[in-house]
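Note that our numbering has the sequence shown beginning at 1247, numbered continuously upward. Ideal Cβ positions, reconstructed from N, Cα and C, are used throughout, including at glycine. Since we're looking at a predicted model, the values are computed, not measured. Here is the structure we will look at, set down as structure tokens.
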Amino acid sequence: HARLARADFVNDSLVTVRDVRDFAYTSATSFTPRHRSHTYDLSQLESAWFILTPFSTSWRGPAHAFVSFGFSDGEFLAISVEARREAREEYGLLAGMLRRFELAYVIGTERDLVGRRALFDGDDVHVYPVNSSRDRTRQMFVEMLRRANAVQDTPEFYNTLTNNCTSNIVDHVNTLIPGRVPWSLRTIMPGYADDLALSLGLIEAGGTIEEVRQRYRINDRARRSGLGDDFSQAI
């Protein structure tokens, strides 16, 4: 969290994202810091993915949710809204309600943001295809990058209930399509956000929520592939 990415819009079609996080992990707490810059062609943006990581198998409520975007040239960029922790700070649900952390948009490769969670954190990771037109996907991507810049320029406090990973995704969707995602306990408890998204037709999936969760759980595929350059294609 010490170094956050920033987006520079070159023109209507090109955006350069500086300091994209791409850490090389050997465990959840052991890694080699790496950052990269890349210019993305918005005309090549073709997919979005809703990523959900529940923190518990006994109670699904606590979870982390974020979004990744896929380009026709094989690039993927993940955007994760998080509580920005200072050195030696530990995240806690109560601390997150007491204005202890700033809000941060962490922008990184899937190999970093998805790979660490799938391989080393011990949590299930589900990667769901988002049901959206290319135009809506592009608008969402641009909106999230602009907000990533904005919260660096004008900091905000993170809040476990009202300004968190899922609430910001919901806000982005409702900015594009007002009222598309109604208020629900399933937005306050992120672990159930996939159930809500499925009921609203926001993710492309058929079957019960249990079948969908099993189909899009990517931990086994991530273990088989490892954290190589083809990680995104493998999962």
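Legend entry - Among Phe1347, Leu1359 and Phe1322, nearest to histidine 1310 - alpha-carbon criterion: Here residue 1310 corresponds to residue number 64 of the sequence shown, with the count starting at 1. Nearest option by C-alpha distance: Leu1359.
Inset, instruction - Measure the CB-CB distance between threonine 1408 and alanine 1439 and report whether it falls below 8 Å. - result: For the purposes of this step, residue 1408 is taken as the residue at position 162 of the sequence shown. For the purposes of this step, residue 1439 is taken as the residue at position 193 of the sequence shown. No, these two residues do not count as a Cβ contact at 8 Å.
Legend entry - Residue from Gly1447, Ile1434 and Ser1471 whose Cα sits closest to the Cα of asparagine 1377: Here residue 1377 is taken as the residue at index 131 of the sequence shown, counted from 1. Minimum Cα-Cα distance from asparagine 1377 among the listed residues Gly1447, Ile1434 and Ser1471 corresponds to Gly1447.
Legend entry - DSSP beta-bridge partners of glutamate 1328: Position 82 of the sequence shown holds residue 1328. Bridge partners of glutamate 1328: Ala1350.
Legend entry - When Ala1253, Arg1463 and Thr1272 are compared against arginine 1362, the one with the closest alpha-carbon: Counting from 1 along the sequence shown, the entry for residue 1362 is found at position 116. Across the set Ala1253, Arg1463 and Thr1272, the C-alpha of Thr1272 shows the shortest separation from the C-alpha of arginine 1362.
Legend entry - Boundaries of the beta strand (DSSP E) in which arginine 1252 is found, first to last residue: Residue numbering aside, residue 1252 sits at position 6 when the sequence shown is read from its first letter. Per DSSP, arginine 1252 belongs to the beta strand (DSSP E) from 1252 to 1255.
Legend entry - Reference isoleucine 1449; option with closest CA among Pro1375, Phe1387, Arg1393 and Arg1380: Here the question's residue 1449 lines up with position 203 in the sequence shown. Comparing Cα positions, the closest option is Pro1375.
Inset, instruction - Give me the Cα-Cα distance between phenylalanine 1315 and phenylalanine 1269, rounded to the nearest whole angstrom. - result: Here residue 1315 refers to the residue found at position 69 when the sequence shown is read from its first residue. Here residue 1269 refers to the residue found at position 23 when the sequence shown is read from its first residue. Distance between the alpha carbons of phenylalanine 1315 and phenylalanine 1269: 18 Å.
Inset, instruction - Answer yes or no: do glutamate 1356 and alanine 1324 have a C-beta to C-beta separation smaller than 8 Å? - result: Mapped onto the sequence shown, residue 1356 falls at position 110. Mapped onto the sequence shown, residue 1324 falls at position 78. A contact, by the Cβ cut-off of 8 Å.
Inset, instruction - Using only alpha-carbon positions, find the residue among Asn1465, Thr1262, Glu1336 and Pro1401 that is nearest to leucine 1365. - result: Residue 1365 sits at position 119 when you count from the first residue of the sequence shown. If we check each option's Cα against that of leucine 1365, Asn1465 comes out closest.
Legend entry - Closest residue to alanine 1248 among Ala1333, His1372 and Ala1294 (Cα-Cα distance): Residue mapping note: residue 1248 aligns to position 2 of the sequence shown, counting from 1. Checking every option, the nearest Cα to that of alanine 1248 belongs to Ala1333.
Legend entry - Proximity to glutamate 1402 [Cα-Cα], best of Val1263, Glu1328 and Ser1283: Along the sequence shown, read from residue 1 onward, the residue named residue 1402 stands at position 156. Cα-wise, what sits closest to glutamate 1402 is Glu1328.
Inset, instruction - Would you mind sorting tyrosine 1213 into buried or exposed? The rule is 16 or more other CB atoms within 10 Å of its CB. - result: Here the chain has residues from 1247 to 1481 only, and residue 1213 is not among them.
Inset, instruction - Count the CB pairs spanning the region 1285 to 1300 and the region 1383 to 1396 that are closer than 8 Å, and state whether there are at least three. - result: yes
Legend entry - Cα-Cα separation between asparagine 1257 and arginine 1392, rounded to whole angstroms: The residue you call residue 1257 lines up with position 11 of the sequence shown. The residue you call residue 1392 lines up with position 146 of the sequence shown. C-alpha separation (whole angstroms): 14 Å.
Legend entry - Residue environment, threonine 1406, which counts as buried when at least 16 other CB atoms sit within 10 Å: Here residue 1406 is taken as the residue at index 160 of the sequence shown, counted from 1. For threonine 1406, the number of other beta carbons within 10 angstroms of its own is at least 16, and it is reported as buried.
Inset, instruction - Classify tyrosine 1404 as buried or exposed, calling it buried when 16 or more other Cβ atoms lie within 10 Å of its own Cβ. - result: If you number the sequence shown from 1, residue 1404 lands on position 158. So tyrosine 1404 counts as buried.
Inset, instruction - Give a yes or no on whether the C-beta atoms belonging to proline 1300 and aspartate 1370 are separated by under 8 Å. - result: For the purposes of this step, residue 1300 is taken as the residue at position 54 of the sequence shown. For the purposes of this step, residue 1370 is taken as the residue at position 124 of the sequence shown. Yes, the Cβ-Cβ distance between proline 1300 and aspartate 1370 is below 8 Å.
Legend entry - Cβ shell of threonine 1421 (< 7 Å), same chain only, five flanking positions each side left out: Taking the first residue of the sequence shown as 1, we reach residue 1421 at position 175. Only Glu1389 meet the Cβ criterion.
Legend entry - Classification of serine 1297 by the beta-carbon crowding that lies within 10 angstroms, buried from 16 upward: If you number the sequence shown from 1, residue 1297 lands on position 51. According to the sequence shown, residue 1297 is isoleucine rather than serine. Result: buried.
Inset, instruction - Look up arginine 1306 in the DSSP assignment and give the residues it is bridged to. - result: By one-based count along the sequence shown, residue 1306 stands at place 60. Note: arginine 1306 sits in no beta bridge, so no partner.
Legend entry - Cross-strand partners of phenylalanine 1312 (DSSP beta bridge): Translated into positions along the sequence shown, residue 1312 becomes position 66. Ile1297.
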